[in-house]
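Q:
Number of protein chains: 2
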Amino acid sequence: MKELWKKFDEIELTHSSVHHLMAIFDLLQIHGYVRAVDIANYLNISRSSVSITIRKLKNRGYVTEDENKFYRLAAPGEQLIQTVLTKRGIIRIFFREVLNLPDHLAEAEACKIEHLLEEETGQKLMSFIGLYLSENKIAEDFRNIRTDFNYHCDTTEACTNCEADCYFASHPFEIDKPLRRTE
Amino acid sequence: MKELWKKFDEIELTHSSVHHLMAIFDLLQIHGYVRAVDIANYLNISRSSVSITIRKLKNRGYVTEDENKFYRLAAPGEQLIQTVLTKRGIIRIFFREVLNLPDHLAEAEACKIEHLLEEETGQKLMSFIGLYLSENKIAEDFRNIRTDFNYHCDTTEACTNCEADCYFASHPFEIDKPLRRTE
DNA sequence: TACTTTCGTTAAATATGTTTAACAATTGTT
DNA sequence: AACAATTGTTAAACATATTTAACGAAAGTA
């Protein structure tokens, strides 16, 4: 069970491969066709690298190619990038609208993790955002106090995420227990 | 600027290396010492793999070794795993207490992304949790309606995170704009 | 038609992380 | 002391992702 950390490597497609698929998706919308060289320019990598990666994606059934070597997304590829793009959108909105990260950072952070999180996480995050950003009076009140609230600490403890009078300094060993009494 | 996706590879230490550091941290607490074979057993990988990875971590100044090849974390290593562990804790609490993910999933998801997110993201997430889980009356009210709220959709649209009457279906192109009017 | 450019692929190289096998050195046991 | 087990390292191998260089084929141009 301590092999939890290895799950990172069990991700079906790498970050790189996912972006090859997304490049195909984007370029199809922009130009209506995609060749290897288009992907290479779009991602700013070499044609050879694209050639090799796409071959793998074809073998795995994510991409198809016509007689002129113009690419299409096969159904699994289409499906996969839809889920990734949806997750990215949700994560980005969360980072920007809930955490108030600057948009460029929200986007970069979403890009790094979009393909790593499970669908369930994406769904639950959307569910949360659905309420948080709603017209519901209580949600509105919460957003309003959230605007002014800024949790901060000032110690010199090891913890660098916040520094002193820290939330975790005062709840140091409670990570394994529910924080709120759930009665 | 479309090289945003390459930031994934600019992460200073790999997932694997970070876990080697965390293994040292854990094992020092458990046994008071750490040898290569201890790390290998703890992470369930071969001694050779550990030997190679640790050599790199020594060269980069994250790990030191005494005359008997017992390891210690150097200051940068200590500092790094503190930030990673803190981020993991925050993320895990968020997933479990805010999104209501089952704990095993919250933990696995946190493990996958803990080393990828910036410190700023960790801080902002902690700030959010600090309010959300507080005794503040409005926060309590919000938590209460949150308990019952479950956003759900039922379409057959491409989006697989939710399906129909979808939050994003109704706000399809607004990802690039603020969702809430910020007046 | 002949020359040039573009394009896809392959080969060889680099870099990371991993494995197994072999080896040397140390430690434990009898 | 002699044999056995444990430990760390290195070498060779594999897998992934990337690069540059080279090559061949197709397309565009003169």
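Chains as they are written, first to last, in our numbering: chain A, 1 to 183; chain B, 1001 to 1183. The beta-carbon is built from N, C-alpha and C at its ideal position, and this holds for glycine as well. In this text the structure is predicted, and so the values were computed from the model without any measurement.
Rounded to whole angstroms, what is the Cα-Cα separation between residue 1041 of chain B and residue 24 of chain A?
A: The residue you call residue 1041 of chain B lines up with position 41 of the second sequence. The residue you call residue 24 of chain A lines up with position 24 of the first sequence. Using only the alpha carbons, I get a separation of about 43 Å.
Q: If we ignore side chains and look at the alpha-carbon of each, how far apart do residue 1144 of chain B and residue 139 of chain A end up?
A: Within the second sequence, the letter at position 144 stands for residue 1144 of chain B. Within the first sequence, the letter at position 139 stands for residue 139 of chain A. Their backbone Cα atoms lie some 11 Å apart in a straight line.
Q: Closer than 7 Å by beta-carbon distance: list the chain B residues that pair up with residue 25 of chain A, in chain order.
A: Taking the first sequence and counting its residues from 1, one reaches residue 25 of chain A at position 25. Within 7 Å Cβ-Cβ: nothing; residue 25 of chain A doesn't reach chain B, min ~11 Å.
Q: Would you mind telling me which residues of chain A sit closer than 8 Å to residue 1057 of chain B, beta carbon to beta carbon, in chain order?
A: In the second sequence, counting from the first residue as 1, residue 1057 of chain B sits at position 57. Those within 8 Å of residue 1057 of chain B in chain A number zero; the least Cβ separation is about 16 Å.
Q: For the 8 Å Cβ check, are there 3 or more pairs between the region 109-122 of chain A and the region 1078-1087 of chain B?
A: no
Q: From the beta carbon of residue 1015 of chain B, is the nearest beta carbon of chain A less than 9 Å away?
A: Here residue 1015 of chain B corresponds to residue number 15 of the second sequence, with the count starting at 1. With 9 Å as the cut-off, residue 1015 of chain B counts as an interface residue toward chain A.
Q: With DSSP as the reference, please indicate the residues paired to residue 64 of chain A in a beta bridge.
A: For the purposes of this step, residue 64 of chain A is taken as the residue at position 64 of the first sequence. Residue 64 of chain A is bridged to A:72.
Q: Name the chain B residues that come within less than 8 Å of residue 98 of chain A, Cβ to Cβ?
A: In the first sequence, counting from the first residue as 1, residue 98 of chain A sits at position 98. Those within 8 Å of residue 98 of chain A in chain B are 1128.
Q: Are the C-beta of residue 36 of chain A and some C-beta of chain B separated by less than 9 Å?
A: On the first sequence, position 36 is the one that residue 36 of chain A refers to. Not an interface residue.
Q: With the cut-off set at 9 Å, would you say residue 1225 of chain B and residue 5 of chain A are in Cβ contact?
A: Residue 1225 of chain B falls outside the range modelled here, since chain B spans only 1001 to 1183, and no answer is possible.
Q: What three-state label does DSSP hand residue 127 of chain A in the structure shown?
A: The sequence position of residue 127 of chain A within the first sequence is 127, counting from 1. In this structure, residue 127 of chain A counts as helix in the three-state DSSP scheme.
Q: From this set, B:1009, B:1026, B:1045 and B:1080, which residue's C-alpha is nearest residue 1060 of chain B's C-alpha?
A: As a working note, residue 1060 of chain B is residue 60 in the second sequence. Comparing Cα-Cα distances from residue 1060 of chain B to each of B:1009, B:1026, B:1045 and B:1080, the minimum goes to B:1080.
Q: Measuring only between beta-carbons, confirm whether residue 121 of chain A sits less than 9 Å from chain B.
A: For this step, residue 121 of chain A is matched to residue 121 along the first sequence. Taking Cβ atoms only, chain B reaches closer than 9 Å to residue 121 of chain A, which makes this a yes.
Q: With a threshold of 9 Å between beta-carbons, can residue 1072 of chain B be considered close to chain A, or not?
A: Residue numbering aside, residue 1072 of chain B sits at position 72 when the second sequence is read from its first letter. No, residue 1072 of chain B lies away from the interface with chain A (no Cβ there is under 9 Å from its Cβ).
Q: Can you tell me whether residue 31 of chain A is buried or exposed? The criterion is at least 16 other CB atoms within 10 Å of its CB, across all chains shown.
A: Numbered from 1 along the first sequence, position 31 holds the residue referred to as residue 31 of chain A. Exposed, because fewer than 16 other Cβ atoms sit within 10 Å of the Cβ of residue 31 of chain A.
Q: Under a Cβ-count criterion, where at least 16 other Cβ atoms within 10 Å of its own Cβ denotes burial, should residue 147 of chain A be classed as buried or exposed?
A: Counting from 1 along the first sequence, the entry for residue 147 of chain A is found at position 147. Under this definition residue 147 of chain A is an exposed residue.
Q: Just the chain A side, please: which residues come within less than 9 Å of residue 1107 of chain B by C-beta, in chain order?
A: The residue you call residue 1107 of chain B lines up with position 107 of the second sequence. What residue 1107 of chain B touches in chain A: 4.
Q: Give a yes or no on whether 9 Å exceeds the smallest Cβ distance from residue 12 of chain A to chain B.
A: On the first sequence, residue 12 of chain A is found 12 positions in, with the first residue counted as 1. Taking Cβ atoms only, chain B never reaches closer than 9 Å to residue 12 of chain A, which makes this a no.
Q: Using a cut-off of 9 Å between C-beta atoms, extract the partners of residue 1031 of chain B located in chain A.
A: Locating residue 1031 of chain B in the second sequence gives position 31, where the first residue counts as 1. Going along chain A, no residue has its Cβ under 9 Å from residue 1031 of chain B, so there is no contact; the nearest lies around 15 Å.
Q: Using CA atoms only, rank isn't needed, just tell me which of A:136, A:116 and A:135 is closest to residue 11 of chain A.
A: Here residue 11 of chain A refers to the residue found at position 11 of the first sequence. Among A:136, A:116 and A:135, the Cα nearest to that of residue 11 of chain A is on A:116.
Q: Count the other CB atoms, across all protein chains shown, that sit within 10 Å of the CB of residue 1092 of chain B; report buried if there are 16 or more and exposed otherwise.
A: Taking the first residue of the second sequence as position 1, residue 1092 of chain B is located at position 92. Under this definition residue 1092 of chain B is a buried residue.
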